[in-house]
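Q: Numbered by our numbering, the letters in the sequence shown go through residues 5 to 127 in order.
The structure is given below, and queries will be raised subsequently.
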Amino acid sequence: HLDKRHREMLRSMPPLEWAALVLPILQKKVEAVDDSLVTRAMLGDITAHCGIPHGSVSSSMPQRSQRMLILTLRSMSLKSLLSVVQHDLSQHGHQVEEAVDALLLHLRRLAGHAVEPLAQLLL
5 HLDKRHREML RSMPPLEWAA LVLPILQKKV EAVDDSLVTR AMLGDITAHC GIPHGSVSSS
65 MPQRSQRMLI LTLRSMSLKS LLSVVQHDLS QHGHQVEEAV DALLLHLRRL AGHAVEPLAQ
125 LLL
């Protein structure tokens, strides 16, 4: 769960900075659930629509407040993180929203055919 300070930090970030901070965490969590080519392609679409070059990594060390936000995001469940991502997508445009919705639908379909722990993460 993000506290008010962290929600404000995310809202105040420029879209590219937001994406560079949040998407790598989302990618790791999603790939831990499903590492298929389809899922990777969907994550790549989201990253591309956000304007982040493939394979780019920030070389600067985040400030302490950002490091705390990163730790909080990493500790969240996949379902909670997807909720945060969906909520903050308006700054990235309609294509990103559609790409995240497609990923969520894909993961929910997988959860419907998977063992109980995956279903609990997504449904």
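Backbone N, C-alpha and C fix where the C-beta goes; we use that ideal spot for every residue, glycine too.
Skipping 5 residues on each side, what residues in its chain have a beta carbon closer than 8 Å to that of L20?
A: C54, G55 and I56
Q: On the DSSP letters alone, give me the boundaries of the alpha helix (DSSP H) that L73 sits inside.
A: R68 to S79
Q: For P19, name the three-state secondary structure that DSSP assigns.
A: Residue state, collapsed to three classes: helix.
Q: With a CB to CB cut of under 6 Å and the five nearest residues on each side skipped, what residues in its chain are close to V61?
A: Annotation note: pLDDT 49 at V61 (below 50); position unreliable, coordinate value reported separately. Leaving aside the five residues that flank V61 on each side, none in its chain has a CB nearer than 6 Å to its CB.
Q: Using 7 Å as the threshold, is the C-beta distance between L86 and T51 below it?
A: no
Q: Could you spell out the range, first to last residue, of the alpha helix (DSSP H) harbouring G48?
A: L41 to H53
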